[in-house]
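This report refers to the structure that appears directly beneath it.
Number of protein chains: 2
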Amino acid sequence: MALIVQKYGGTSVADTDRIKNVAARVAEYHRRGDRLVVVVSAMAGVTDKLIKMAKDITPLPSEREMDMLLATGEQTTIALTAMALEALGVPAMSLTGAQAGIVTDGVHTKAKIKNITPRQVHALLDQGKVVIVAGFQGQTPEGQITTLGRGGSDLTAIALAAALKANLCQIYTDVDGVFTADPRVVPTARKIDEISYDELLEMAGSGAKVMQLRSVEFAKKFGVVFEVRSSLNNNPGTIVKEETKDMESVVIRGVSLDKNQAKITLVGVPDRPGVAARIFRTLAEAAINVDMIVQNVSHGAASPTTDLSFTIDKPDLPKAEKVIDGIRKEVGIKKVQANQAIAKLSIVGVGMRSHSGVAARMFDTLAREGINIDMISTSEIKISVIIELAKADDAARAVHAAFLGS
Amino acid sequence: MALIVQKYGGTSVADTDRIKNVAARVAEYHRRGDRLVVVVSAMAGVTDKLIKMAKDITPLPSEREMDMLLATGEQTTIALTAMALEALGVPAMSLTGAQAGIVTDGVHTKAKIKNITPRQVHALLDQGKVVIVAGFQGQTPEGQITTLGRGGSDLTAIALAAALKANLCQIYTDVDGVFTADPRVVPTARKIDEISYDELLEMAGSGAKVMQLRSVEFAKKFGVVFEVRSSLNNNPGTIVKEETKDMESVVIRGVSLDKNQAKITLVGVPDRPGVAARIFRTLAEAAINVDMIVQNVSHGAASPTTDLSFTIDKPDLPKAEKVIDGIRKEVGIKKVQANQAIAKLSIVGVGMRSHSGVAARMFDTLAREGINIDMISTSEIKISVIIELAKADDAARAVHAAFLGS
């Protein structure tokens, strides 16, 4: 009799019919004898509707009241899901994040889980009930309602699985699992059966929209094995777990493509200590997230200068240009170049550690396609390149074919 | 510096613009230096929408989950109202019923308030904040979310006013106060400046849609003086309080009309002990609410029979006829007559205790209008008659003119 934590996202519970489908699936597991904790998100669109109402009231609603408002979204879903289960004859009870014992810090709209005391969850499970828990929310030790920010429902599920020592944590979504590449770009992409936390982290960090990083980080930290699978069929999904030896037999786990980046190059930056720090501190203070940073060797012996390139999220570009312009004279930057027509292509795999020549093979593949590489950045299990946006899809297909077959 | 509890119903907070209006009014009181606790209902239509979703899931959702679901309605409004106040520069904080310390019994969907421990409300007031409390909801000592049933937000406001020893409790609605009659029926109806709890109870119990009985009963029990007034203007409303001597100078406080009743007459009911009890117990078990009951003297010396008439809510008529039919033979009822085309006309006033001939004057007025009286029922401060539905409005106007002027 396994204890399973299941999580269903907003599209899986988008309307009452879909909630009934979720209930039917949960009921099946229940009949098999499993003990179930089901974490649900707000119905798709509900959170946006609540945010719109808040913005109608005031452009800058307080975060404390936003949490009070947004927490209603998941509370609605848990009640409806519990009703749907009861209608199928399955004993069920819903719990808000607070009732489920999810205690967070007081950073409203992006609270961190401090601890979970799932006393009520245990009690209900012992009564033979399916427990439906509101994702995305918790409360402070003082009883203030908080929300966990983007991807918060995944985090609720994984944290509950850790606290309950669940046998399995299933993250239900609208895709069959994690793929070797985005199937819309690479038609030959395949579902991955098993992937390590680190690989998934690198894939997600490289633009594959699988899960929020911090849920995966949390799972890694607490060793929670979870499965990403579809709520639309019964296919097995992708198991995410600690790296095992045999994972290295596959050189590359997947290819990911991020078309949402822009590149800024600062030409002729004085190459002296503190300059780079000054630039990136200024960007950080403006809440601009910098991804790749490449600095080339410097030119000129007397007063050496260098070129500094970095990538940021495309929507941040106007703000970044303004911020850089503000410190340009002071720092002594000669020229600022911006380019939105770029993409970041990454290959990820723990296997590359034990296989040499992976980078060469990737660059070679791109060269044969006539694709120029603009920037390169590598980590232990990832190689990322910045290329021209127009050739990004071709590049992804070529690299996928080279490493993962076609 | 007065402590005021204000309550705004669903139509007063129906959309974000109206919520802003409510906030503007609250801000005015705040600037005057008053300390404010504001109780709000769900936005008009929201509760019905939630109920519809629940019914889409299952025809008979559990009441525990209905409470979990419905409680989100008020929670949405408190957050938006607090935001609207903050946008006006007024420090505010929202509290759910549970957070406000409203402890109820465990009878879901119609819980009773057991006690209020408004520790957080006091703390926030002491910080100079306007406290926004979700009406209609509370939690059990075990932490289960409950709702108080119909009119629950009024009850929240009045119970909070009692617990906080507020100087004033204002119930904001879409009418100017309590009227001497329904202005849609009696154009000469006037707003009543002051009314006693008992008069309001009798008015509401006779069909005047002012407030739910139990909120008034609660206010009477705890001596909470409250004002029913409009959220659409600044006119003073109707003060509801304990009866005072000078209230008796007015013979009749108001006229009320209930067109939502049906009458059942049981002809030839054996006049022996236990028969009436059997009939009304059966109706009660079927959850049919009986209002007026009239039994005439019996006929026949050997085996005396009587006619028994009673009124019920019109929608309950089919169910009531079925229930009566089920016990008809056993009890020995000769004939069952039902009539939906009736209305109950009542006059209410503590003054009638000290003025004789009030009933005679009412009956005389109706007689002069050619209106036949079908049933009569009296209490200490109320006289009700059942009359023909078609003549109900004429009757109300005539009686209002006779006692309250035209």
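Those protein sequence lines, which keep their order, are chains A and B.
For the first sequence, my numbering begins at 1 and goes up steadily by one.
For the second sequence, my numbering begins at 1001 and goes up steadily by one.
No residue lacks a Cβ here, since even glycine has one placed at the ideal position from N, Cα and C.
Here DSSP, grouped into helix, strand and coil, assigns A:F218 to helix.
In the three-state DSSP reduction, A:L257 falls in the strand class (E or B). Separation of B:A1343 and B:D1374 (C-alpha to C-alpha, rounded to the nearest whole angstrom) is 10 Å.
A residue is called buried when at least 16 other Cβ atoms come within 10 angstroms of its Cβ; A:R272 does not meet this threshold and is exposed. Listed as beta-bridge partners of B:Q1340 by DSSP are no residues whatsoever. Not a single CB atom of chain A sits nearer than 7 Å to the CB of B:Q1340.
For B:T1011, the CB contacts under 6 Å within the same chain, skipping 5 residues up- and downstream, are A1044 and D1174 in chain order. With the rule of 3 Cβ pairs closer than 8 Å, the region 1116-1126 of chain B does not count as touching the region 1011-1031 of chain B. By the Cβ-count criterion, A:A284 is exposed, with fewer than 16 other Cβ atoms from all chains shown falling within 10 Å of its own Cβ. Shown here for B:V1331: same chain residues with a beta carbon closer than 8 Å to its own, the five before and five after excluded, namely V1269, P1270, V1275, R1278 and I1279 in chain order. Taking a cut-off of 8 Å for Cβ pairs, the region 182-189 of chain A and the region 240-251 of chain A do not touch, as fewer than three such pairs fall below it. Interface residue (Cβ-Cβ distance to chain A less than 7 Å): B:E1242 is not classified as such. Bridge partners of A:E388 according to DSSP: A:I342.
Looking from the CA of B:A1360, the closest CA among B:Q1340, B:P1061, B:D1307 and B:V1385 belongs to B:V1385. For B:D1048, not one C-beta of chain A is nearer than 7 Å to its own C-beta.
For B:L1148, the three-state secondary structure derived from DSSP is coil. In the three-state reduction of the DSSP assignment, B:R1190 falls in the coil class, being assigned neither a helical nor a strand state. Exclusion of the five residues before and after B:G1349 leaves E1199, V1250, V1251, I1252, R1253 and I1381 as the residues of its chain whose Cβ lies within less than 7 Å of its Cβ. Remark: C-beta atoms of A:G97 and A:Q137 approach each other more closely than 7 Å. In the three-state reduction of the DSSP assignment, A:L366 falls in the helix class, which pools H, G and I. Taking 7 Å as the threshold, the shortest C-beta distance from A:E86 to chain B falls below it. Look at A:L80: its C-beta is under 7 Å from a C-beta on chain B.
Comparing C-alpha distances from B:A1054 to each of A:D307, A:I333, A:T81 and A:K7 shows the shortest one belongs to A:T81. When DSSP states are grouped into helix, strand and coil, A:G268 belongs to the strand group.
In this structure the region 1028-1048 of chain B does not lie against the region 218-228 of chain A, because fewer than three pairs of beta carbons, one per stretch, are closer than 8 Å. Burial of B:E1202 is indicated by the presence of at least 16 other C-beta atoms within 10 angstroms of its C-beta.
Taking 7 Å as the Cβ-Cβ cut-off, the region 123-147 of chain A approaches chain B at G143, given in chain order. At a Cβ-Cβ threshold of 7 Å, A:T72 and B:T1147 do not count as neighbours.
The CB of A:D56 comes closer than 7 Å to the CB of T1016 in chain B, given here in chain order. DSSP places A:F310 within a strand segment (E or B) once states are collapsed to three. Between B:I1264 and B:S1309, the alpha-carbon positions lie close to 6 Å from each other. Straight across, the Cα-Cα distance linking A:I51 with A:M68 is about 12 Å. DSSP places B:M1211 in the coil class of the three-state scheme, outside both helix and strand. In the DSSP assignment, A:I324 falls within the alpha helix (DSSP H) that extends over L317 to V331. Under DSSP, the beta-bridge partners assigned to B:L1095 are B:V1133. Between B:I1171 and B:R1190, the alpha-carbon positions lie close to 19 Å from each other.
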